[in-house]
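2 protein chains.
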Amino acid sequence: MAENRGNLTSYRPDIKVMDCTLRDGGLVNNFEFTDEFVKDLYEANVAAGVDYMEFGYKADKDIFDEKEFGKWKFCKEEDIRAIVGENDTPLKISVMADVGRTNMKRDIPPKSESVVDMVRVATYINTIPAAIEMANYCSDMGYEVTVNIMAISTAGENELDLALELLASQSKAQYIYLVDSYGSLYPEQVRRLADKYIKIAEKYGKSVGIHAHNNQQLAFANTIEACSIGVSLLDATVSGMGRGAGNCYSELLLGFLRNPKFNIVPVLKFIEKHMVPLKASGVVWGCDVQYMLTGQTNQHPRTAIAFTKAERTDYAKYYTEITGDE
Amino acid sequence: MAENRGNLTSYRPDIKVMDCTLRDGGLVNNFEFTDEFVKDLYEANVAAGVDYMEFGYKADKDIFDEKEFGKWKFCKEEDIRAIVGENDTPLKISVMADVGRTNMKRDIPPKSESVVDMVRVATYINTIPAAIEMANYCSDMGYEVTVNIMAISTAGENELDLALELLASQSKAQYIYLVDSYGSLYPEQVRRLADKYIKIAEKYGKSVGIHAHNNQQLAFANTIEACSIGVSLLDATVSGMGRGAGNCYSELLLGFLRNPKFNIVPVLKFIEKHMVPLKASGVVWGCDVQYMLTGQTNQHPRTAIAFTKAERTDYAKYYTEITGDE
Chain A
1 MAENRGNLTS
11 YRPDIKVMDC
21 TLRDGGLVNN
31 FEFTDEFVKD
41 LYEANVAAGV
51 DYMEFGYKAD
61 KDIFDEKEFG
71 KWKFCKEEDI
81 RAIVGENDTP
91 LKISVMADVG
101 RTNMKRDIPP
111 KSESVVDMVR
121 VATYINTIPA
131 AIEMANYCSD
141 MGYEVTVNIM
151 AISTAGENEL
161 DLALELLASQ
171 SKAQYIYLVD
181 SYGSLYPEQV
191 RRLADKYIKI
201 AEKYGKSVGI
211 HAHNNQQLAF
221 ANTIEACSIG
231 VSLLDATVSG
241 MGRGAGNCYS
251 ELLLGFLRNP
261 KFNIVPVLKF
271 IEKHMVPLKA
281 SGVVWGCDVQ
291 YMLTGQTNQH
301 PRTAIAFTKA
311 ERTDYAKYYT
321 EITGDE
Chain B
1 MAENRGNLTS
11 YRPDIKVMDC
21 TLRDGGLVNN
31 FEFTDEFVKD
41 LYEANVAAGV
51 DYMEFGYKAD
61 KDIFDEKEFG
71 KWKFCKEEDI
81 RAIVGENDTP
91 LKISVMADVG
101 RTNMKRDIPP
111 KSESVVDMVR
121 VATYINTIPA
131 AIEMANYCSD
141 MGYEVTVNIM
151 AISTAGENEL
161 DLALELLASQ
171 SKAQYIYLVD
181 SYGSLYPEQV
191 RRLADKYIKI
201 AEKYGKSVGI
211 HAHNNQQLAF
221 ANTIEACSIG
231 VSLLDATVSG
241 MGRGAGNCYS
251 ELLLGFLRNP
261 KFNIVPVLKF
271 IEKHMVPLKA
281 SGVVWGCDVQ
291 YMLTGQTNQH
301 PRTAIAFTKA
311 ERTDYAKYYT
321 EITGDE
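Sequence lines, in order, name chains A and B. Position one of the first sequence corresponds to residue 1 (UniProt numbering), numbered consecutively onward. Position one of the second sequence corresponds to residue 1 (UniProt numbering), numbered consecutively onward.
In structure tokens:
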């Protein structure tokens with residue numbers, strides 16, 4: 001079993017926190033955040049000592065209609081600057097670029113022209129070569145880069161090994177991300193997978209990040225489990241806001257980490273001012289029964305999202321639907 | 001580090017599940033469950049393969065006024081029998097007896113006169129001698145017995161070691177319970193504590209149980225962490241219903257365990273029929289911010305319960321209140 005690095009009371013300066021509230025949370029409300037929400041979140045993250053804030057996606061407007069989404073689906077340079085100016089803070093700014101859904105040559109300018117610091121390339125295991133191409137393009141343009149391999153809980157182990165080796169050896173990304181897309185992984189599995197990721201990444205001078213979903217109420221547990229054995233870039237969202245069951249809660253993670261630079265109070269103020277009204281307005285996420293069931297059965301949460309939207313509560317019938325023969 | 005027993009796909013026949021929905025959940029609604037709720041929960045537990053169902057407390061009516069609580073605060077023999085008859089099922093019936101709040105000689109009859117199978121003695125670390133006396137009395141009366149040591153996260157390590165050794169060597173209880181009363185323990189700590197409990201318990205032919213609270217969304221994670229290294233009696237409640245942040249969710253635990261006797265569907269039906277309306281009626285529990293904060297700071301949730309009842313959302317102010325100098 002992989003050994004721990006540090007213990008509960010030590011702190012590791014390599015550990016950094018990424019706030020993904022706008023990006024993963026945008027999947028809940030179609031990226032329709034008010035500017036005040038975004039500005040206050042940015043300021044809360046700066047005050048809380050959060051290392052990175054992800055504003056949203058760099059989606060291709062030839063694929064997605066700009067009229068159908070809020071602006072953080074596209075993260076135009078001028079929209080980010082309207083919030084952060086020149087971002088004269090220690091907080092770094094991140095955007096996510098999906099393989100096959102981003103026009104990188106048109107929409108990702110050289111770093112010298114952008115206030116963005118990091119591009120996170122999101123890929124499935126079968127598009128790793130395209131992810132390497134995008135990662136290297138973004139790195140050459142001057143950005144910090146991560147590659148996030150999604151939906152690994154349905155990938156074959158051998159295929160994952162090959163993909164990780166290829167990615168680590170061929171890409172210029174600084175981080176490789178362990179992503180629990182379906183919230184189906186248990187801490188025991190995360191420990192084993194994180195150990196695998198770390199061994200391959202470190203061979204090539206890279207680090208490992210984790211992005212966990214909360215379908216089985218394990219996002220925080222899995223994040224700190226991965227952290228304890230050396231994963232160093234940790235994703236979280238305020239109040240866990242994110243697709244379906246949501247993510248690791250920032251307020252839990254910041255309270256756990258022992259680095260004195262982190263401060264939970266600005267996040268608590270943000271929750272009071274923005275998340276309480278947002279929830280009251282009817283925006284729904286969190287680990288309800290339907291998400292537990294897709295997590296337990298290692299499935300994409302799309303049927304659970306539909307179940308939620310339909311305001312169904314017939315959980316037993318739903319369970320037979322998603323585990324049935326048809 | 002303690003070694004795992006079994007792995008994710010094996011099953012250990014020693015693992016048993018205890019449903020505490022009425023007992024811990026009763027702390028949320030003052031034990032005011034309808035008979036239909038209790039009967040349906042009993043039948044759901046039987047159908048789900050749950051091993052034990054705890055009906056409530058054996059509270060002393062000289063201390064607690066019977067008019068102020070629902071009947072499951074007192075668990076009279078006739079009230080239990082009105083639900084279960086002779087309990088002609090594999091499900092065993094449990095009640096909890098608090099040290100100092102139970103008149104055992106008056107209210108705990110010989111097992112031959114009772115449909116109850118198990119008495120769980122709840123104690124603080126400073127009342128272990130009284131807990132041993134109660135455990136031995138109940139054992140002599142013919143019951144299975146556990147001793148549950150509460151609030152250990154605030155006890156000194158040396159005091160805990162001494163208490164465990166005394167309890168294991170002197171009591172006739174079959175199980176000693178690791179209880180995370182404040183939901184403040186992290187999986188890494190649970191692993192270390194569970195290993196300690198198991199080593200002492202096994203020396204005297206006893207087993208270990210776990211009762212986790214969900215303040216930091218770790219009740220399920222901590223329960224399966226303890227389970228993985230040999231804790232064998234696992235507490236859970238339907239929808240996590242329990243005091244404050246609540247407990248480990250039955251629907252998560254039953255879906256996790258690999259013993260084919262467990263069946264999640266009756267629990268899902270119960271949730272649809274009873275827990276959805278119960279929540280809609282305004283009964284509140286779950287891991288809200290205020291509970292996370294008492295968990296993080298290793299405090300009794302009583303201030304968070306008051307914060308919830310007052311419908312406050314000024315989390316930052318609350319945080320300064322509970323961490324301040326006064």
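The C-beta atom is built at its ideal place from N, Cα and C for all residues, glycine as well. Since this is a predicted model, take the numbers as computed values, not measurements.
Nearest candidate by alpha-carbon position, reference Y186 of chain A, set A:N45, A:I224, A:A122: A:I224
Status (buried if at least 16 other CB within 10 Å, exposed otherwise) for T323 of chain A: exposed
8 Å CB neighbourhood of E326 of chain A in its chain, flanking five on each side removed: The predicted position of E326 of chain A is uncertain, since its pLDDT is 49 and thus under 50; a value taken from the coordinates is nonetheless stated next. Within the same chain, E326 of chain A has no close Cβ partners at all.
Under the three-state DSSP convention, the category L185 of chain B falls into: coil
Short CB-CB distance (under 8 Å) between E326 of chain A and chain B: Residue placement at E326 of chain A is flagged as unreliable, the pLDDT there being 49, under the threshold of 50; the coordinate-derived value follows with that caveat. Chain B, which has no Cβ nearer than 8 Å to the Cβ of E326 of chain A, makes this no.
Integer Cβ distance of S207 of chain A from Q174 of chain A, believed to fall under 8 Å: 6 Å
Ranges of the beta strand (DSSP E) found wholly within the segment 109-139 of chain A, counting only runs of at least 3: 118-123
DSSP state of D288 of chain A mapped onto helix, strand, coil: coil
For Q216 of chain A and M292 of chain A, believed in contact at Cβ under 8 Å, the rounded distance: 6 Å
Residues that K279 of chain A contacts on chain B, provided the C-beta gap is smaller than 8 Å: Result: empty, since nearest Cβ-Cβ is about 10 Å, beyond 8 Å.
Residues from the segment 290-318 of chain A in contact with chain B, defined by Cβ distance under 7 Å: M292, Q296, T313, D314, Y315, A316
Residue-level contact to chain B via CB, G156 of chain A, 8 Å cutoff: no
Neighbourhood of F64 of chain A by C-beta distance below 7 Å, restricted to the same chain and skipping five residues each side: K73
Contact set for P204 of chain B: own chain, Cβ-Cβ below 7 Å, skip 5 residues either direction: Note on identity: in this sequence residue 204 of chain B is Tyr, with Pro being the wrong assignment. Closer than 7 Å at Cβ, skipping near neighbours: A168, S169.
Residue range of the unbroken alpha helix (DSSP H) whose run includes T303 of chain A: 302-309
Cβ-Cβ distance between I15 of chain B and L257 of chain B below 8 Å: yes
Reduced DSSP secondary structure (H/G/I, E/B, other) of D79 of chain A: helix
Alpha-carbon to alpha-carbon, A310 of chain B and A304 of chain B: 10 Å
Within chain B, the residues that A47 of chain A reaches when beta carbons sit closer than 8 Å: Residues of chain B passing the Cβ test: none, with the nearest at roughly 11 Å.
Under 8 Å between C-beta atoms of L8 of chain B and Q296 of chain A: no
Members of the segment 218-236 of chain B near chain A, C-beta cut-off 9 Å: L218, A219, F220, A221, N222, I224, E225, S228
CB of S112 of chain B within 8 Å of CB of N298 of chain B, strictly: no
Under 8 Å by beta carbon: chain B residues contacting P13 of chain A: Result: empty, since nearest Cβ-Cβ is about 20 Å, beyond 8 Å.
For G26 of chain B, the first and last residue of its enclosing alpha helix (DSSP H): 21-29
Length of the line joining the Cα atoms of A47 of chain A and L233 of chain A: 19 Å
8 Å Cβ cutoff, I322 of chain A in contact with chain B: no
Simplified DSSP state of V238 of chain A, which is helix, strand or coil: helix
Cα-Cα separation between G242 of chain B and H274 of chain A, rounded to whole angstroms: 28 Å
For A122 of chain A and D98 of chain A, believed in contact at Cβ under 8 Å, the rounded distance: 5 Å
Assigned secondary structure, D60 of chain A (DSSP; H/G/I helix, E/B strand, else coil): coil
Residue from A:Y52, A:E32, A:E251, A:L91 with nearest C-alpha to A316 of chain B: A:E251
G255 of chain B: contacting residues in chain A (beta-carbon distance under 9 Å): Q216, M292, L293, G295, Q296, T297
Cβ neighbour criterion (16 or more within 10 Å) applied to S281 of chain A: exposed
Presumed contact (8 Å Cβ cut-off) between I210 of chain B and R5 of chain B, rounded CB distance: At roughly 14 Å, the Cβ-Cβ gap does not stay under 8 Å, so I210 of chain B and R5 of chain B are not in contact.
Pick from A:D51, A:A82, A:K39, A:V116 that is closest to Y57 of chain A, judged by C-alpha positions: A:V116
Partners in chain A for V276 of chain B, counting only beta-carbon separations shorter than 7 Å: T313
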